[in-house]
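In this note's numbering, the protein residues as written are 87 to 450. Where a beta carbon is used, it is the ideal one built from N, C-alpha and C, also for glycine. Every value quoted in this text rests on a predicted model; they were computed, and no experiment measured them. Read through the structure below, which is laid out as C-alpha coordinates, and then see the notes.
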Amino acid sequence: MSTPRPPVSLLASPFVHILHTKHTPSDPQIDQIRAHLATYEAELVRLDALIESLTLQRTQVEEYIAPHRTLISLGRRLPQDILGEIFLACLPSERNAVMDSREAPLLLGRVCSYWRSIVYSMPRLWTSLHIPVDFIGDDGTRIAVVLDWLKRSAPHPLRLSVNAQQTSPGMLIYFLRQLRSRWLTFNVSGITPTDFGEFADWETPLLTEIGVTFTKCSASRTAAGVLASQLFRPTQHCQRISITGDNLEYLFPAGPFSWDHLTHLTLTEGIQRSPDGISLGQLSTHTVYRLLKYCQNIFSLTIGSPQCFAMGFIPHERVLASSLRHLTFHCEAASSQPIADLIRHLRMPQLSLFHAPLLNMPLY
87 MSTPRPPVSL LASPFVHILH TKHTPSDPQI DQIRAHLATY EAELVRLDAL IESLTLQRTQ
147 VEEYIAPHRT LISLGRRLPQ DILGEIFLAC LPSERNAVMD SREAPLLLGR VCSYWRSIVY
207 SMPRLWTSLH IPVDFIGDDG TRIAVVLDWL KRSAPHPLRL SVNAQQTSPG MLIYFLRQLR
267 SRWLTFNVSG ITPTDFGEFA DWETPLLTEI GVTFTKCSAS RTAAGVLASQ LFRPTQHCQR
327 ISITGDNLEY LFPAGPFSWD HLTHLTLTEG IQRSPDGISL GQLSTHTVYR LLKYCQNIFS
387 LTIGSPQCFA MGFIPHERVL ASSLRHLTFH CEAASSQPIA DLIRHLRMPQ LSLFHAPLLN
447 MPLY
(Lines of atoms letter the chains of each structure in order from A and count residues from 1; the text may use other names and numbers.)
(Lines give C-alpha, C1' and ligand atoms only; values in the text may rest on other atoms or scores of the structure.)
Protein backbone atom coordinates (compact mmCIF):
# COMPACT_ATOMS: atom_id res chain seq x y z
CA MET A 1 0.00 0.00 0.00
CA SER A 2 1.39 3.41 -0.97
CA THR A 3 2.06 6.03 1.66
CA PRO A 4 -0.60 8.77 1.65
CA ARG A 5 0.64 12.12 0.30
CA PRO A 6 0.67 14.95 2.83
CA PRO A 7 -1.68 17.82 1.98
CA VAL A 8 0.07 20.84 0.49
CA SER A 9 -2.66 23.42 1.04
CA LEU A 10 -1.61 26.06 3.55
CA LEU A 11 -5.16 26.03 4.88
CA ALA A 12 -4.54 22.46 6.10
CA SER A 13 -1.52 23.50 8.15
CA PRO A 14 -1.96 23.34 11.97
CA PHE A 15 -0.01 26.60 12.06
CA VAL A 16 -2.16 28.48 9.58
CA HIS A 17 -3.15 31.01 12.27
CA ILE A 18 0.44 32.24 12.66
CA LEU A 19 1.64 32.01 9.05
CA HIS A 20 2.47 35.36 7.44
CA THR A 21 2.40 37.10 10.80
CA LYS A 22 5.05 38.66 13.02
CA HIS A 23 4.54 35.94 15.62
CA THR A 24 7.76 34.43 17.05
CA PRO A 25 7.20 30.74 17.87
CA SER A 26 8.21 29.37 21.24
CA ASP A 27 10.72 26.53 21.61
CA PRO A 28 7.96 23.88 21.91
CA GLN A 29 6.28 25.33 18.75
CA ILE A 30 9.61 25.20 16.88
CA ASP A 31 9.92 21.49 17.70
CA GLN A 32 6.33 20.95 16.52
CA ILE A 33 6.98 22.81 13.23
CA ARG A 34 10.14 20.78 12.56
CA ALA A 35 8.30 17.54 13.23
CA HIS A 36 5.47 18.66 10.95
CA LEU A 37 7.88 19.56 8.09
CA ALA A 38 9.78 16.27 8.27
CA THR A 39 7.03 14.53 6.30
CA TYR A 40 7.03 17.24 3.63
CA GLU A 41 10.83 17.27 3.32
CA ALA A 42 10.76 13.52 2.81
CA GLU A 43 8.12 14.04 0.11
CA LEU A 44 10.36 16.64 -1.56
CA VAL A 45 13.25 14.16 -1.64
CA ARG A 46 10.93 11.56 -3.16
CA LEU A 47 9.73 14.00 -5.85
CA ASP A 48 13.30 15.03 -6.74
CA ALA A 49 14.24 11.39 -7.23
CA LEU A 50 11.10 10.88 -9.32
CA ILE A 51 11.91 13.92 -11.47
CA GLU A 52 15.44 12.62 -12.05
CA SER A 53 14.09 9.23 -13.04
CA LEU A 54 11.46 10.73 -15.35
CA THR A 55 14.03 13.07 -16.91
CA LEU A 56 16.23 10.09 -17.71
CA GLN A 57 13.26 8.25 -19.19
CA ARG A 58 12.37 11.33 -21.26
CA THR A 59 15.92 11.53 -22.62
CA GLN A 60 15.82 7.86 -23.56
CA VAL A 61 12.50 8.29 -25.36
CA GLU A 62 13.80 11.38 -27.21
CA GLU A 63 16.92 9.48 -28.28
CA TYR A 64 14.70 6.70 -29.58
CA ILE A 65 12.41 9.07 -31.49
CA ALA A 66 15.14 11.25 -33.07
CA PRO A 67 16.61 8.78 -35.61
CA HIS A 68 13.13 7.65 -36.60
CA ARG A 69 12.07 11.24 -37.23
CA THR A 70 15.18 11.67 -39.36
CA LEU A 71 13.94 8.86 -41.59
CA ILE A 72 10.70 10.74 -42.32
CA SER A 73 12.17 14.30 -42.33
CA LEU A 74 11.39 16.67 -45.18
CA GLY A 75 15.03 16.74 -46.20
CA ARG A 76 14.97 12.99 -46.83
CA ARG A 77 11.82 13.23 -48.91
CA LEU A 78 12.91 16.17 -51.08
CA PRO A 79 13.93 15.16 -54.60
CA GLN A 80 17.67 15.50 -55.12
CA ASP A 81 17.26 18.19 -57.78
CA ILE A 82 15.23 20.41 -55.41
CA LEU A 83 17.72 19.85 -52.59
CA GLY A 84 20.45 20.82 -55.04
CA GLU A 85 18.71 24.11 -55.83
CA ILE A 86 18.49 24.83 -52.09
CA PHE A 87 22.21 24.16 -51.80
CA LEU A 88 22.91 26.59 -54.66
CA ALA A 89 20.89 29.27 -52.85
CA CYS A 90 23.18 28.83 -49.84
CA LEU A 91 26.23 30.05 -51.78
CA PRO A 92 27.40 33.66 -51.25
CA SER A 93 25.66 36.06 -53.63
CA GLU A 94 27.89 39.15 -53.27
CA ARG A 95 31.26 37.43 -53.57
CA ASN A 96 32.89 34.17 -54.55
CA ALA A 97 32.89 31.16 -52.25
CA VAL A 98 35.82 30.65 -49.88
CA MET A 99 37.56 27.57 -48.50
CA ASP A 100 35.89 27.79 -45.10
CA SER A 101 34.18 24.84 -43.41
CA ARG A 102 31.70 27.31 -41.86
CA GLU A 103 30.30 28.29 -45.28
CA ALA A 104 28.73 26.57 -48.25
CA PRO A 105 29.60 24.41 -50.04
CA LEU A 106 32.00 22.82 -47.51
CA LEU A 107 29.56 23.28 -44.62
CA LEU A 108 26.78 21.45 -46.49
CA GLY A 109 29.00 18.42 -46.97
CA ARG A 110 29.49 18.08 -43.21
CA VAL A 111 25.80 17.60 -42.33
CA CYS A 112 25.41 13.94 -43.27
CA SER A 113 26.71 11.38 -45.74
CA TYR A 114 23.63 11.80 -47.96
CA TRP A 115 24.14 15.55 -48.26
CA ARG A 116 27.85 15.06 -48.77
CA SER A 117 27.23 12.72 -51.70
CA ILE A 118 24.98 15.34 -53.31
CA VAL A 119 27.34 18.26 -52.64
CA TYR A 120 30.37 16.54 -54.12
CA SER A 121 28.45 15.37 -57.18
CA MET A 122 27.10 18.85 -58.07
CA PRO A 123 29.60 20.72 -60.30
CA ARG A 124 27.67 24.02 -60.04
CA LEU A 125 28.39 24.24 -56.30
CA TRP A 126 32.11 24.51 -57.03
CA THR A 127 32.17 27.05 -59.86
CA SER A 128 33.25 30.06 -57.77
CA LEU A 129 36.27 30.52 -55.53
CA HIS A 130 38.18 33.34 -53.86
CA ILE A 131 41.86 32.51 -53.40
CA PRO A 132 44.18 34.51 -51.13
CA VAL A 133 47.74 33.90 -52.33
CA ASP A 134 48.97 33.65 -48.73
CA PHE A 135 46.67 30.62 -48.32
CA ILE A 136 48.73 28.81 -50.94
CA GLY A 137 52.01 29.35 -49.08
CA ASP A 138 55.47 29.88 -50.47
CA ASP A 139 55.93 26.23 -51.43
CA GLY A 140 52.52 25.91 -53.09
CA THR A 141 51.56 22.83 -51.06
CA ARG A 142 47.90 23.82 -51.10
CA ILE A 143 47.72 24.27 -54.86
CA ALA A 144 46.34 20.73 -55.14
CA VAL A 145 43.49 21.65 -52.77
CA VAL A 146 42.54 24.59 -55.00
CA LEU A 147 42.71 22.51 -58.16
CA ASP A 148 40.62 19.72 -56.62
CA TRP A 149 37.93 22.29 -55.77
CA LEU A 150 37.90 23.70 -59.29
CA LYS A 151 38.01 20.32 -61.02
CA ARG A 152 34.78 19.38 -59.25
CA SER A 153 33.11 22.18 -61.22
CA ALA A 154 33.86 20.70 -64.65
CA PRO A 155 32.65 21.42 -67.25
CA HIS A 156 30.94 24.62 -66.02
CA PRO A 157 32.43 28.15 -66.37
CA LEU A 158 34.41 29.48 -63.41
CA ARG A 159 34.12 32.65 -61.33
CA LEU A 160 37.51 33.32 -59.75
CA SER A 161 39.06 36.02 -57.60
CA VAL A 162 42.67 36.18 -56.43
CA ASN A 163 44.08 38.44 -53.73
CA ALA A 164 47.84 38.64 -54.18
CA GLN A 165 48.36 41.01 -51.21
CA GLN A 166 51.46 42.45 -52.88
CA THR A 167 52.91 38.95 -53.29
CA SER A 168 53.56 37.67 -56.79
CA PRO A 169 50.73 35.30 -57.74
CA GLY A 170 52.93 33.60 -60.33
CA MET A 171 52.73 30.02 -59.00
CA LEU A 172 48.97 30.15 -58.51
CA ILE A 173 48.35 31.75 -61.90
CA TYR A 174 50.52 29.09 -63.52
CA PHE A 175 48.29 26.34 -62.16
CA LEU A 176 45.09 28.24 -62.98
CA ARG A 177 46.28 28.47 -66.56
CA GLN A 178 45.14 24.93 -67.31
CA LEU A 179 41.57 26.05 -66.50
CA ARG A 180 41.60 29.34 -68.43
CA SER A 181 39.26 28.03 -71.12
CA ARG A 182 36.51 27.97 -68.45
CA TRP A 183 37.08 31.41 -66.88
CA LEU A 184 33.80 33.34 -66.88
CA THR A 185 34.75 36.12 -64.46
CA PHE A 186 38.19 36.84 -63.05
CA ASN A 187 39.22 39.43 -60.48
CA VAL A 188 42.76 39.87 -59.24
CA SER A 189 44.01 42.43 -56.72
CA GLY A 190 47.34 43.43 -55.23
CA ILE A 191 49.46 43.00 -58.36
CA THR A 192 51.73 45.19 -60.48
CA PRO A 193 51.56 45.59 -64.27
CA THR A 194 54.59 43.28 -64.42
CA ASP A 195 52.65 40.57 -62.55
CA PHE A 196 49.75 41.12 -64.93
CA GLY A 197 52.09 40.50 -67.84
CA GLU A 198 52.43 36.85 -66.76
CA PHE A 199 48.91 36.08 -67.98
CA ALA A 200 48.06 39.10 -70.15
CA ASP A 201 48.30 37.15 -73.41
CA TRP A 202 46.21 34.14 -72.42
CA GLU A 203 43.17 33.32 -74.50
CA THR A 204 40.04 33.03 -72.36
CA PRO A 205 37.14 32.44 -74.76
CA LEU A 206 34.36 32.54 -72.12
CA LEU A 207 35.60 35.50 -70.08
CA THR A 208 32.88 38.17 -69.78
CA GLU A 209 34.06 40.16 -66.77
CA ILE A 210 37.52 40.95 -65.48
CA GLY A 211 38.69 43.24 -62.69
CA VAL A 212 42.26 44.19 -61.89
CA THR A 213 43.45 46.20 -58.89
CA PHE A 214 47.03 47.37 -59.23
CA THR A 215 49.14 48.20 -56.19
CA LYS A 216 51.12 50.72 -58.18
CA CYS A 217 51.56 51.83 -61.76
CA SER A 218 54.63 53.50 -63.14
CA ALA A 219 55.56 54.76 -66.57
CA SER A 220 56.67 51.68 -68.52
CA ARG A 221 56.02 49.77 -71.70
CA THR A 222 54.38 47.05 -69.59
CA ALA A 223 51.85 49.47 -68.07
CA ALA A 224 51.05 51.08 -71.42
CA GLY A 225 50.28 47.66 -72.88
CA VAL A 226 47.85 46.47 -70.21
CA LEU A 227 44.59 47.49 -71.92
CA ALA A 228 45.85 46.20 -75.27
CA SER A 229 46.39 42.70 -73.83
CA GLN A 230 44.96 39.56 -75.38
CA LEU A 231 43.14 38.92 -72.09
CA PHE A 232 40.97 41.97 -72.80
CA ARG A 233 40.10 40.88 -76.34
CA PRO A 234 37.00 38.68 -76.14
CA THR A 235 36.32 36.28 -78.98
CA GLN A 236 32.62 35.60 -78.37
CA HIS A 237 31.19 37.98 -75.77
CA CYS A 238 31.20 41.62 -74.77
CA GLN A 239 33.61 41.97 -71.89
CA ARG A 240 33.28 44.19 -68.83
CA ILE A 241 36.66 45.47 -67.69
CA SER A 242 37.34 47.19 -64.38
CA ILE A 243 40.75 48.67 -63.54
CA THR A 244 41.53 50.14 -60.12
CA GLY A 245 44.76 51.67 -58.86
CA ASP A 246 46.99 54.72 -58.60
CA ASN A 247 48.53 56.53 -61.56
CA LEU A 248 46.19 55.06 -64.18
CA GLU A 249 47.49 57.69 -66.60
CA TYR A 250 50.40 55.33 -67.23
CA LEU A 251 48.07 52.73 -68.76
CA PHE A 252 47.67 54.89 -71.87
CA PRO A 253 50.36 55.26 -74.54
CA ALA A 254 51.66 58.75 -75.24
CA GLY A 255 50.90 58.43 -78.94
CA PRO A 256 47.82 57.32 -80.89
CA PHE A 257 46.39 53.86 -80.25
CA SER A 258 43.47 51.79 -81.49
CA TRP A 259 41.59 49.78 -78.88
CA ASP A 260 38.38 48.88 -80.65
CA HIS A 261 38.06 45.73 -78.51
CA LEU A 262 37.06 47.79 -75.45
CA THR A 263 33.27 48.06 -75.00
CA HIS A 264 32.57 48.27 -71.23
CA LEU A 265 35.26 49.94 -69.15
CA THR A 266 35.46 51.18 -65.56
CA LEU A 267 38.51 53.10 -64.33
CA THR A 268 38.77 53.88 -60.62
CA GLU A 269 41.66 56.09 -59.62
CA GLY A 270 43.17 56.05 -56.14
CA ILE A 271 44.88 59.33 -55.35
CA GLN A 272 48.56 59.08 -54.46
CA ARG A 273 50.19 62.11 -52.87
CA SER A 274 53.72 63.44 -52.56
CA PRO A 275 55.13 64.33 -49.10
CA ASP A 276 54.04 67.96 -49.60
CA GLY A 277 50.44 66.91 -50.34
CA ILE A 278 50.45 67.30 -54.13
CA SER A 279 48.34 64.77 -56.04
CA LEU A 280 50.41 62.45 -58.22
CA GLY A 281 49.33 60.65 -61.37
CA GLN A 282 45.80 62.05 -61.25
CA LEU A 283 43.63 60.94 -64.16
CA SER A 284 43.17 63.87 -66.51
CA THR A 285 40.24 64.85 -68.68
CA HIS A 286 42.67 64.83 -71.61
CA THR A 287 43.23 61.11 -71.04
CA VAL A 288 39.48 60.48 -70.99
CA TYR A 289 39.20 62.51 -74.19
CA ARG A 290 41.89 60.36 -75.87
CA LEU A 291 40.27 57.19 -74.57
CA LEU A 292 36.97 58.05 -76.26
CA LYS A 293 38.79 59.14 -79.40
CA TYR A 294 40.77 55.92 -79.84
CA CYS A 295 38.19 53.42 -78.52
CA GLN A 296 35.50 53.71 -81.16
CA ASN A 297 33.41 50.75 -79.97
CA ILE A 298 33.14 51.73 -76.34
CA PHE A 299 29.55 51.34 -75.16
CA SER A 300 29.83 52.12 -71.45
CA LEU A 301 32.48 54.17 -69.65
CA THR A 302 32.66 54.77 -65.90
CA ILE A 303 35.34 56.97 -64.36
CA GLY A 304 35.84 57.07 -60.59
CA SER A 305 38.18 59.28 -58.61
CA PRO A 306 38.25 60.66 -55.05
CA GLN A 307 38.84 64.06 -56.64
CA CYS A 308 37.84 65.65 -59.87
CA PHE A 309 40.15 65.02 -62.79
CA ALA A 310 43.15 67.13 -63.61
CA MET A 311 42.31 69.52 -66.41
CA GLY A 312 44.88 68.43 -68.98
CA PHE A 313 45.06 69.88 -72.47
CA ILE A 314 42.05 69.13 -74.67
CA PRO A 315 42.34 69.93 -78.39
CA HIS A 316 39.65 72.05 -80.02
CA GLU A 317 38.61 69.10 -82.18
CA ARG A 318 35.34 67.49 -81.07
CA VAL A 319 35.45 63.72 -80.80
CA LEU A 320 32.61 61.58 -82.12
CA ALA A 321 31.84 58.76 -79.67
CA SER A 322 29.28 57.10 -81.90
CA SER A 323 28.90 53.89 -79.86
CA LEU A 324 28.80 55.43 -76.38
CA ARG A 325 25.50 54.81 -74.55
CA HIS A 326 26.43 55.18 -70.87
CA LEU A 327 28.82 57.71 -69.35
CA THR A 328 29.34 57.93 -65.58
CA PHE A 329 31.62 60.07 -63.42
CA HIS A 330 32.05 59.22 -59.74
CA CYS A 331 34.17 61.97 -58.24
CA GLU A 332 34.08 64.76 -55.71
CA ALA A 333 35.24 68.27 -56.45
CA ALA A 334 34.59 71.87 -55.62
CA SER A 335 34.31 72.57 -59.33
CA SER A 336 32.83 70.52 -62.13
CA GLN A 337 34.54 72.65 -64.76
CA PRO A 338 37.02 69.98 -65.99
CA ILE A 339 34.21 67.54 -66.81
CA ALA A 340 32.05 70.29 -68.29
CA ASP A 341 34.93 71.26 -70.60
CA LEU A 342 35.42 67.63 -71.56
CA ILE A 343 31.76 67.14 -72.47
CA ARG A 344 31.82 70.24 -74.68
CA HIS A 345 34.44 68.46 -76.80
CA LEU A 346 32.41 65.27 -77.23
CA ARG A 347 29.68 64.31 -79.66
CA MET A 348 27.64 61.42 -78.26
CA PRO A 349 24.58 60.91 -80.50
CA GLN A 350 23.64 57.53 -78.94
CA LEU A 351 24.09 58.56 -75.29
CA SER A 352 21.12 57.41 -73.18
CA LEU A 353 22.58 57.66 -69.66
CA PHE A 354 24.78 60.39 -68.22
CA HIS A 355 25.41 60.05 -64.49
CA ALA A 356 27.49 62.36 -62.30
CA PRO A 357 25.83 62.05 -58.87
CA LEU A 358 28.46 63.93 -56.85
CA LEU A 359 28.84 66.92 -59.14
CA ASN A 360 26.62 69.98 -59.44
CA MET A 361 26.78 70.71 -63.12
CA PRO A 362 24.40 71.78 -65.89
CA LEU A 363 23.30 69.36 -68.59
CA TYR A 364 24.58 69.85 -72.12
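Nonlocal neighbours in the same chain, by C-beta distance under 8 Å from residue i, ignoring five residues either side
i, result
"Pro241", "Pro209, Arg268"
"Ala230", "none"
"Glu129", "Arg91, Pro92"
"Arg196", "Ser187, Arg202"
"Gln166", "Ile204"
"Ala314", "Phe343, Trp345"
Beta carbon of residue i nearer than 8 Å to that of residue j
i, j, result
"Thr371", "Pro424", "yes"
"Gln325", "Leu369", "no"
"Asn182", "Leu265", "no"
"Ile204", "Gly170", "yes"
"Pro243", "Val219", "no"
"Gly28", "Glu355", "Since the displayed the chain opens at 87 and closes at 450, residue 28 lies outside it and no answer follows."
"Ile296", "Phe272", "yes"
"Asn249", "Gly276", "yes"
"Phe101", "Ile116", "no"
Supposed close pair residue i, residue j - CB separation, criterion 8 Å
i, j, result
"Thr278", "Thr301", "6 Å"
"Leu174", "Leu211", "7 Å"
"Ala310", "Leu337", "7 Å"
"Val184", "His154", "Incorrect: roughly 37 Å between the Cβ atoms, too far for contact."
"Asn333", "Ser304", "7 Å"
"Arg238", "Tyr206", "7 Å"
Cβ-heavy atom distance, residue i to the ligand NAD, below 7 Å
i, result
"Val102", "The ligand NAD is not part of the structure shown, which contains no ligands of any sort."
Own chain, CB closer than 6 Å to residue i, minus 5 neighbours either side, in chain order
i, result
"Pro178", "none"
"Lys379", "Val405"
"Lys433", "Going by the sequence as given, residue 433 is Arg instead of Lys. Within the same chain, Arg433 has close Cβ partners Arg404, Leu406."
"Ala420", "Reliability fails at Ala420, whose pLDDT of 49 lies under 50, so the model's placement of it is uncertain and the value that follows must be treated cautiously. Cβ neighbours of Ala420 beyond the five flanking positions: none."
"Ile329", "Val298, Leu353"
"Ser99", "none"
"Ile364", "Since pLDDT at Ile364 reaches only 46, below the 50 mark, its modelled position is unreliable, and the value read off the structure follows with that caveat. None."
"Ser159", "none"
Other residues of its chain near residue i: CB distance less than 7 Å, five sequence neighbours each side excluded
i, result
"Tyr375", "Ile400, Val405, Leu428, His431"
"Ser40", "Because the chain here runs from 87 to 450, residue 40 falls outside it and cannot be looked at."
"Gln316", "Ala286, Asp287, Trp288, Glu289"
| message | Restricting to runs no shorter than 3 residues, where is the beta strand (DSSP E) found entirely within the segment 225-309? | response | 244-249, 269-277, 295-300
| request: Would you list, in sequence order, the uninterrupted alpha helix (DSSP H) runs of no fewer than 4 residues that lie entirely inside the segment 144-173? | output: List check, alpha helix (DSSP H) in window: 160-163.
| said: Suppose only complete runs of 3+ residues qualify. What are the beta strand (DSSP E) ranges in the segment 194-229, listed by chain order? | reply: 214-218
| In chain order, which continuous runs of the alpha helix (DSSP H) of length 4 or greater are located wholly inside the segment 307-357? | 307-310
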